[in-house]
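Undergrad: One structure coming up, written as structure tokens, with questions to follow.
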Amino acid sequence: MTVNKVFVVGSGLMGSGISQVCAQAGVEVLLYDIDPEALKRAVK
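Take any residue in the sequence shown, note its place counting from 1, add 134, and you have its number in the numbering used here.
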């Protein structure tokens, strides 16, 4: 089974780290957070 896309809920320390590792591995990442400012920080 190949993972092509992940959806991460929460863009804090863990969520942003998981998202970064997945993106660097070539996986499409969807990131969600209830706090727009936290989401902006994670995307930087």
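Note that the Cβ used here is the ideal one computed from N, Cα and C, for glycine as well.
Could you please give me the residues that DSSP links to Glu162 through a beta bridge?
TA: Counted from its first residue, the sequence shown places residue 162 at position 28. Paired residue(s): Lys139.
Undergrad: Please report the Cβ distance between Ser153 and Ala172, rounded to the nearest whole angstrom; I am assuming they are in contact, meaning their Cβ atoms lie under 8 Å.
TA: The count along the sequence shown starts at 1 and reaches residue 153 at position 19. The count along the sequence shown starts at 1 and reaches residue 172 at position 38. Contact doesn't hold; Cβ gap of about 12 Å is too wide.
Undergrad: Hey, how far is the Cα of Asp167 from the Cα of Ser150?
TA: In the sequence shown, residue 167 corresponds to position 33, counting from 1. In the sequence shown, residue 150 corresponds to position 16, counting from 1. Straight-line Cα distance between these residues: approximately 10 Å.
Undergrad: Since Glu162 contacts Lys178 with CB under 8 Å, what's their CB separation in whole angstroms?
TA: Locating residue 162 in the sequence shown gives position 28, where the first residue counts as 1. Locating residue 178 in the sequence shown gives position 44, where the first residue counts as 1. No, Glu162 and Lys178 are not in contact; Cβ-Cβ is about 19 Å, not under 8 Å.
Undergrad: Can you say whether Leu147 is buried or exposed, counting buried as having 16 or more other CB atoms within 10 angstroms of its CB?
TA: As a position in the sequence shown, residue 147 is number 13, starting the count at 1. Exposed, because fewer than 16 other Cβ atoms sit within 10 Å of the Cβ of Leu147.
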